[in-house]
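Asker: The structure's right below; bear with me while I get my questions together.
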Amino acid sequence: MLWRLFHSGRNIERYVHDDAWALVTGASDGIGKAIVHELLGRGFNVLIHGRNEQKLERVKEELAAQHPDRKIALVVCDASQVSYGMIEDVVRQVGDRYITCLVNNLGATERRIIPFAKQQWADVEDTTNIGIRFVAQLTRALLPKLIAHQPAVLLNLGSSSQLVHAPFVSVYAATKGFLLTLSQCVDMEMRADGHDVEVLYLDVGEVNTTAHDVHGTFVVVSSASMGKAIVDTVGCGGVFVTPHWHHECINHILCCLPQRLVDRLVTNSMLPRRMDVVDRKTE
Numbered sequence: 237m238l239w240r241l242f243h244s245g246r247n248i249e250r251y252v253h254d255d256a257w258a259l260v261t262g263a264s265d266g267i268g269k270a271i272v273h274e275l276l277g278r279g280f281n282v283l284i285h286g287r288n289e290q291k292l293e294r295v296k297e298e299l300a301a302q303h304p305d306r307k308i309a310l311v312v313c314d315a316s317q318v319s320y321g322m323i324e325d326v327v328r329q330v331g332d333r334y335i336t337c338l339v340n341n342l343g344a345t346e347r348r349i350i351p352f353a354k355q356q357w358a359d360v361e362d363t364t365n366i367g368i369r370f371v372a373q374l375t376r377a378l379l380p381k382l383i384a385h386q387p388a389v390l391l392n393l394g395s396s397s398q399l400v401h402a403p404f405v406s407v408y409a410a411t412k413g414f415l416l417t418l419s420q421c422v423d424m425e426m427r428a429d430g431h432d433v434e435v436l437y438l439d440v441g442e443v444n445t446t447a448h449d450v451h452g453t454f455v456v457v458s459s460a461s462m463g464k465a466i467v468d469t470v471g472c473g474g475v476f477v478t479p480h481w482h483h484e485c486i487n488h489i490l491c492c493l494p495q496r497l498v499d500r501l502v503t504n505s506m507l508p509r510r511m512d513v514v515d516r517k518t519e
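Heads up: the sequence shown begins at 237 in this note's numbering, then just goes up one per residue.
Right under this line is the structure:
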C-alpha cells in the first residue's frame with residue numbers, strides 16, 4: 237500500500253507515443269467505459285469492444301463529444317462465441333493501428349449467482365468462453381503487436397472473488413484465478429526476453445455497475461472512481477495490484493482475521509444475492 241505515496245498516477249503516459257491506440261474489451265458501460273474515458277483523457281486513441289454495435293455507436297458518440305481531439309473506433313464481437321475465425325476477425329478490425337495498450341476488462345460477471353451444482357451447461361460454457369478462452373486467445377493474437385510497439389502495457393482486470401473464494405460464483409472466480417496465473421507467466425516471459433511490456437493483474441473489488449447495481453459505500457465504489465484508479469495504477473512496479481485504495485484497506489483487514497471468520501463474512505455477503513433463492517421467493 238505504501239507504493240501509493242510515491243506513485244504519480246501519470247505513468248500511463250509513457251505508453252502514449254506514435255499515434256498510440258488502446259483496445260478495451262467490454263467497453264460499452266461500467267468499468268470498461270470508465271477506463272476508455274480515462275485513456276482518452278491521457279492521450280490515447282481507443283478501440284472500444286462490445287457485442288452490440290448500436291450500443292457501441294451511442295457510447296462512441298458520447299465519448300467523442302467529451303474528447304473531440306481523440307479517435308475512437310469499434311470492435312464488435314460476442315466473446316461468448318469465441319472461435320479461431322472470430323479472433324482473426326478482431327485482429328482484422330484492429331488493422332494496422334499502433335496498439336500500445338490492451339485492457340482485458342471483459343468478464344462474464346455474476347450474471348448467475350447460484351451454486352455450482354445448479355449451473356447449466358450454457359452457464360459454464362459462457363463464463364469460461366468469456367473469462368478464459370476469449371481473453372487468452374485475444375491476448376495471444378495481439379501480444380506480438382504490443383511487443384512490436386513497445387513500450388506497451390497489458391492490463392488484465394481480475395476480481396476479489398477469486399482472492400476470497402466467493403461462493404455461488406465459483407466458475408467466474410476460477411476464471412480470474414486463471415487470469416492471474418496467465419498475467420504472472422506472461423510478465424515473466426516479457427522480462428525474460430527483454431521486452432518492455434508491462435503486465436498488470438488488477439484485483440478489482442465491488443463496483444457499482446449495470447451488471448452489479450448496488451449503492452455506493454466504502455466497499456462498493458463507482459465505475460468512474462475505479463476506472464481512474466486502474467489507469468493511475470500503471471507503473472506501480474508489481475504484477476498483482478489492488479487498484480482502489482478502499483479495496484486494498486479491506487484486503488489488509490481481512491488478512492488480519494481468522495480464515496474461518498473471513499469465510500463466514502464472505503458467505504453471508506453472498507447469500508442474499510443467490511438467484512435460485514430469490515427466484516423461489518418470487519414464485
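For every residue, glycine included, the Cβ atom is placed at its ideal position computed from N, Cα and C.
(1) Helix or strand or just coil, what does DSSP make of C337?
(2) Flag this pair as yes or no: are the beta carbons of S406 and F352 separated by less than 7 Å?
(3) In three-state terms, what does DSSP make of A300?
(4) Going by alpha carbons, who is nearest to W257 out of A409, K307, N247 and R246?
(5) Can you tell me whether T363 is buried or exposed? The criterion is at least 16 other CB atoms within 10 Å of its CB, across all chains shown.
(6) Run through DSSP, which three-state label would H285 get?
(7) My output table needs one value for A258: the three-state DSSP class, helix, strand or coil.
(8) Is it true that the region 362 to 379 meets the region 289 to 301, where meeting means three or more beta-carbon pairs spaced less than 8 Å apart?
(9) Which parts of the region 402 to 465 are runs of the alpha helix (DSSP H), unbroken and 4 residues or longer, counting only runs that do not cross its ends?
(10) Could you give the residue range of the beta strand (DSSP E) that holds V389?
(11) Note down the Cα distance separating G321 from L490, rounded to an integer number of angstroms.
(12) If you measure between the beta carbons of N365 and S397, is that distance less than 7 Å?
(13) Residues in the same chain with beta-carbon distance under 8 Å from M462, minus the five sequence neighbours each way, listed in chain order, please.
(14) Please classify D449 as buried or exposed, where buried requires at least 16 neighbouring CB atoms within 10 angstroms.
(15) So, under 8 Å CB-CB, L342 and F370 are touching, yes? Tell me the CB distance rounded to an integer number of Å.
(16) Answer with buried or exposed for N288, where buried requires no fewer than 16 other C-beta atoms within 10 angstroms of its C-beta.
(17) Suppose you measure from the CA of D429 to the CA of T503; what does that come to, to the nearest Å?
(18) In three-state terms, what does DSSP make of L310?
(19) Within the continuous alpha helix (DSSP H) that includes I383, where are the two ends?
(20) I need the DSSP call for F352, collapsed to helix, strand or coil.
(21) Quick one: residues in its chain with C-beta nearer than 7 Å to the C-beta of A388, no 5 flanking neighbours on either side, listed in chain order?
(22) Under 7 Å between the Cβ atoms of M506 and A402?
(23) Count the other CB atoms within 10 Å of the CB of A465; is the residue buried (16 or more) or exposed (fewer)?
(24) By the 10 Å Cβ neighbour count, where 16 or more other Cβ atoms means buried, how is A358 classified, buried or exposed?
(25) Return the CA-CA distance between R246 and K354, expressed in angstroms with no decimal places.
Answerer: For this structure:
(1) It is a strand residue.
(2) Yes, they are a contact pair.
(3) Three-state result, A300: helix.
(4) Ranking the options by Cα distance to W257, first place goes to K307.
(5) A residue is called buried once 16 or more other Cβ atoms fall within 10 Å of its Cβ, and T363 is buried on that count.
(6) Reduced to three states, the DSSP call for H285 is strand.
(7) Here A258 sits in strand by DSSP.
(8) No, because fewer than three Cβ pairs between the region 362 to 379 and the region 289 to 301 fall closer than 8 Å, the two stretches do not touch.
(9) Qualifying alpha helix (DSSP H) stretches, in chain order: 406 to 428.
(10) A388 to L393 is the extent of the beta strand (DSSP E) around V389.
(11) Distance from the CA of G321 to the CA of L490, rounded to the nearest whole angstrom, comes to 44 Å.
(12) Cβ distance not < 7 Å, so N365 and S397 don't count as in contact.
(13) Correct list, in chain order: I267, A270, V440, V443, P479 and H480.
(14) Low per-residue confidence applies at D449: pLDDT is 49, beneath 50, and the placement is therefore not dependable, though the value from the model is reported in the following sentence. The Cβ neighbour count for D449, taken over all protein chains shown within 10 Å, is under 16; the residue is labelled exposed.
(15) The Cβ separation is near 7 Å, so the contact holds.
(16) Counting the other CB atoms within 10 Å of its CB gives N288 a total below 16, which places it among the exposed residues.
(17) Rounded to whole angstroms, D429 to T503 spans 43 Å at the Cα level.
(18) Here DSSP, grouped into helix, strand and coil, assigns L310 to strand.
(19) Secondary structure note for I383: its alpha helix (DSSP H) is the uninterrupted segment V371 to A384.
(20) In the three-state reduction of the DSSP assignment, F352 falls in the helix class.
(21) Apart from the 5 residues on each side of it in sequence, A388 sits with its Cβ closer than 7 Å to the Cβ of Y251, T336, C337, L382 and V433 in its chain, given in chain order.
(22) Cβ atoms of M506 and A402: closer than 7 Å.
(23) The residue is buried, with at least 16 neighbouring Cβ atoms inside 10 Å.
(24) Classified as exposed, A358 has fewer than 16 neighbouring CB atoms from the shown chains inside 10 Å of its CB.
(25) Looking at the two C-alpha atoms, the distance is approximately 45 Å.
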